[in-house]
Amino acid sequence: MAKILIVDGDRSVREELYQYTKDQGHDSVTAETGEAALSLLEEFQPQVMIVDFRMKDITGLELIEKAKKAYPDLAVIMATGNGSIESAVDAMRLGAFDYLTKPFQLDELGQTINSAAASTEGRGLSSVVSCSSLSVSNAKIVAESEVMRRIEKLIDRLSMRPTPLLLEGESGVGKRTLAKILHSHRHKEARPFKVLPCGALPDSLIEQELAGGRSILERAAGGTLLLDEIDTLSPRLQSLLQNSLEAHRPARTGTQLISTSEQRLETMVREETFRPDLFFKVAVIPLSVPPLRERRSDIAPLSNFFLQELHTTIKGGPSKLSPTALKLLQEYPWPGNVSELKNSIQRAFALGGGELITEKELPPKLRDGSAALSLSKKPSEDGIKLPVGEPLGPFVKDLERRFIRATLEHTNGNKEQAASVLGISLATLYRKLDQ
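According to our numbering, the sequence shown is numbered sequentially starting from 2.
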């Protein structure tokens, strides 16, 4: 059971969240304004605070900033509506534990609350929380493709002994899910599963997790440590991580080290943007997870799995896909990969009125024949001047910057959509824009 403070200007949302958290066994209170929330923080001393972005007196970001300064160990979940994803990223930079989009999916809401509460266990409201403990009890691979079957067999073999694993692939392909599956295969009893979200935290918090007080490596001992988006670490933090791994030696404590990356780390080593000694430590077993468009035989089982999961959780609603709907799902290229597929199934489920989901409930982008946003491939008027005789790195980085700018122009500045088109996470897009 956790103590939860719910802050939302919409009375119906407050009441819905209050009832849901109560039904889950939590001790909850609600606040309509930021001022009321700040008072309740002192009186109620919650472990978790769920915050809406828009309130009557201050914004959710202002409340998060004030709350985290006063109670740095408070786990904050940011609730965002459509179009406010950038605010969610800002919230993560301020130290929020996670964010959820409205309307809430109850299974995701429950898991996020439990993870947030678990991250504060054993500590008062005094120390910074910058990692999460995730629920891994029901993790499993849902696939029919040969490549995913091979990955499944490899994970079974790796579960026998802790060997550093590197999972590479586009945003949304399921790297975190595979990490959870490996953890659940290794441990039938409860063991720590700690996540360091390298792409979502400021350098100061990552440094504190690696070197301050009881480090995340110590807290993950005997379980699993997931270094998520390790490719986003600065050279200074790469050096700090290398030293931390040398000092703690995860294998000696029976800790499974898993790293994820959207970029090829081996390429980054050649370009001298990633330390080779750190690469050899985290990539004893490198594993590339292919995008969903390259394993289309997985689309049907994944779609049915997500649909049945919703049907079981909600205890009602659509439970099947029409042949036409399934055909559209299988033909779409899924630039956002499995994450985008799951989102589309959730949308169709919410709109479905009967037992069957038809093409009418699917997102318009699947129905109108456009399939996916595609950039014009017209050559530039000047063409591309190849700097023969110069290093490859700067040339590639310049092309990447130009391509990102063109993509943002194509999506009318919508960074979430641009990240999906580019096949990278929003955090990675922000990092590249800052370079």
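Every residue, glycine too, gets a C-beta built ideally from N, C-alpha and C.
Give the range of the beta strand (DSSP E) segment to which residue i is assigned.
i    : result
I7   : K4 to V8
V290 : First-last for V290: undefined, no H or E at that position.
G229 : According to the sequence provided, residue 229 is Asp. The question's Gly does not apply to it. Element bounds for D229: T225 to D229.
F194 : F194 to P198
Under the assumption that residue i contacts residue j (Cβ atoms under 8 angstroms), give the Cβ distance between them as a whole number of angstroms.
i    : j    : result
I439 : P319 : Residue coverage of the chain in this structure runs from 2 to 436, which leaves residue 439 outside it and unanswerable.
A252 : L266 : Not really, about 20 angstroms apart at Cβ, beyond 8 angstroms.
L234 : L242 : 7 angstroms
L311 : Q347 : 7 angstroms
Q46  : A118 : 13 angstroms between Cβ atoms; not a contact.
K176 : L168 : 4 angstroms
T256 : P365 : The Cβ separation is near 46 angstroms, so there is no contact.
H249 : E210 : The Cβ separation is near 12 angstroms, so there is no contact.
E273 : E230 : Not really, about 20 angstroms apart at Cβ, beyond 8 angstroms.
F194 : H184 : 5 angstroms
T225 : I259 : 6 angstroms
Can you list, in chain order, the residues of its chain whose CB lies under 6 angstroms from that of residue i, leaving out five sequence neighbours each side?
i    : result
T102 : T81
S298 : E145 and S146
H27  : M2, A3 and I5
Looking at the unbroken alpha helix (DSSP H) that takes in residue i, where does it start and where does it end?
i    : result
K176 : K176 to R187
T313 : I300 to I315
I217 : I217 to R220
L342 : N338 to L352
T324 : The residue asked about is misnamed: residue 324 is Pro in this sequence, not Thr. Segment P324 to E332, the alpha helix (DSSP H) holding P324.
E210 : D204 to A212
G239 : Rather than Gly, the amino acid found at residue 239 in this sequence is Gln. First-last of the alpha helix (DSSP H) with Q239: P236 to H249.
K282 : P277 to V283
V14  : R12 to D24
L41  : G35 to F45
M157 : In the sequence on display, residue 157 carries Asp and not Met. D157 -> alpha helix (DSSP H) spans E147 to L159.
Q112 : L107 to S120
K69  : G61 to A71
L363 : Note, L363: premise wrong, no alpha helix (DSSP H); not H, not E.
Express the C-alpha separation of residue j and residue i in angstroms, rounding to a whole number.
i    : j    : result
R271 : F281 : 13 angstroms
S172 : P292 : 9 angstroms
I152 : I207 : 30 angstroms
A351 : E362 : 9 angstroms
D11  : A97  : 21 angstroms
V148 : S289 : 10 angstroms
P203 : R94  : 6 angstroms
T254 : Q112 : 28 angstroms
A497 : Y100 : Since the displayed the chain opens at 2 and closes at 436, residue 497 lies outside it and no answer follows.
S205 : T314 : 39 angstroms
I227 : S146 : According to the sequence as given, residue 227 is Leu; it is not Ile. In a straight line, the C-alpha of L227 is about 26 angstroms away from that of S146.
G200 : L39  : 29 angstroms
A212 : G353 : 50 angstroms
E190 : G414 : 47 angstroms
F54  : E44  : 23 angstroms
R150 : L197 : 28 angstroms
D157 : L179 : 11 angstroms
P236 : A349 : 44 angstroms
L400 : G170 : 21 angstroms
K70  : E16  : 28 angstroms
F306 : V143 : 8 angstroms
K67  : K154 : 48 angstroms
I65  : V52  : 8 angstroms
M269 : L41  : 48 angstroms
L434 : D232 : 15 angstroms
V14  : L62  : 19 angstroms
I425 : E356 : 35 angstroms
Have a look at the DSSP bridge pairing and note the partners of residue i.
i    : result
V77  : M50
V30  : L6
E169 : S262 and S289
D99  : I78
L357 : K321
S257 : Contrary to the premise, residue 257 reads as Gln rather than Ser in this sequence. Beta-bridge pairing links Q257 to T225.
So, at 8 angstroms on beta carbons, what are the nonlocal neighbours of residue i in its own chain, with the 5 sequence-adjacent residues on each side left out?
i    : result
Q239 : F275, R276 and L279
N344 : G337
E360 : S323, T325, A326, L329, L367 and R368
V174 : V290, P291, P292, L293, N338 and V339
T22  : I5, I7, S29 and I114
L107 : Y21, T314 and I315
A372 : With a pLDDT of only 47 at A372, under the threshold of 50, the placement of this residue in the model should not be trusted, and no figure is reported.
P192 : Pro is not the amino acid found at residue 192; the sequence shown has Arg there. Taken in chain order, the residues that qualify are H184, G223, G224 and T225.
For residue i, collect the residues of the same chain with a Cβ closer than 7 angstroms to its Cβ; drop the 5 residues on either side in sequence, then sort them by chain order.
i    : result
N139 : A caution first: N139 carries a pLDDT of 49, below 50, which makes its placement in the model unreliable, though a value can still be read off. No residues qualify anywhere along the chain.
D58  : T34, G35 and E36
T121 : Q48, D74, A76 and V130
Y19  : I7, S29 and T31
T408 : L376, A419, V422 and L423
A301 : L327 and Q331
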